[in-house]
DNA sequence: CTCCGGAACT
DNA sequence: AGTTCCGGAG
């Protein structure tokens, strides 16, 4: 799988710099859990709410009344589940690892297992935390990436781990490389390669079988 | 007012 | 298939 033309074109047209700015690792973890099935704007509101109540820390999340957490995360949707998951996450880190810094310094494979054992953290969320909060080279394979690769005629395996391996092999190994690629996928996915694609202005139009088909269809 | 899309997980 | 969903677009 050759991602070079794709990567070059996207870097020139979109660029993926300064992506996922957050005030510390806990904020990344919180954002990763809250952003499931919602927009990032809603997550920013929720994080601001948590900060205003001084709950953007493990002790606060672990001990706050669930009702208060629910109020904070309400704009992200599924707020009851998400409030519970945030609290469970905070308690898990405190009880199983002792502190945030001990949690973050856990060896990669064990850390990933610990993340996956949390309710509300699946493979994709675990990898986004590893990549953006911890700084370990795990590529995030999200729905944007799958949709884009499929339309480009390079559909990824359904199996997450298999898909991740395929992409990691095709990219320069490393945190910066994986962060940039993921950021480019998200930007392209949000701006052009949407569920209903905007092919005409897409920077990958001439590289994409799907896009060429659409253009021909529209004359 | 309805419909749909949203940094997915269980 | 449901999440005891939200916000913007149409």
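Numbering (my numbering), first residue to last: 6 to 224.
We put the CB at the ideal spot given by N, CA and C, even for glycine.
It should be emphasised that the depicted structure is a prediction, and the values quoted were computed from it without experimental measurement.
Check                                                                                                                              : Outcome
Taking a contact to mean a Cβ-Cβ separation below 8 Å, would you say residue 168 touches residue 161 in this structure?            : yes
Go to residue 183, then tell me how far its alpha helix (DSSP H) extends in each direction, as first and last residue.             : 180-196
Would residue 95 be called buried (16 or more neighbouring beta carbons within 10 Å of its own) or exposed?                        : buried
Tell me whether residue 100 is buried or exposed, calling it buried when 16 or more other Cβ atoms sit within 10 Å of its Cβ.      : exposed
Which residue marks the beginning of the alpha helix (DSSP H) containing residue 139, and which one marks its end?                 : No alpha helix (DSSP H) holds residue 139; DSSP gives it neither H nor E.
Assign residue 106 to one of three DSSP states: helix, strand, or coil.                                                            : helix
Can we say the region 39-54 touches the region 71-80, given the rule of at least three CB pairs closer than 8 Å?                   : yes
In angstroms with no decimal places, state the Cα-to-Cα distance between residue 123 and residue 92.                               : 11 Å
Can you tell me the Cβ-Cβ gap for residue 153 and residue 207, rounded? I've got them flagged as a contact below 8 Å.              : So it is not a contact: roughly 10 Å between Cβ atoms.
How many whole angstroms separate the CB atoms of residue 83 and residue 98, which I take to be in contact at a CB cut-off of 8 Å? : Not quite, the Cβ-Cβ distance comes to about 22 Å (not below 8 Å), so this is no contact.
Residue 27 to residue 193, Cα distance in whole Å?                                                                                 : 21 Å
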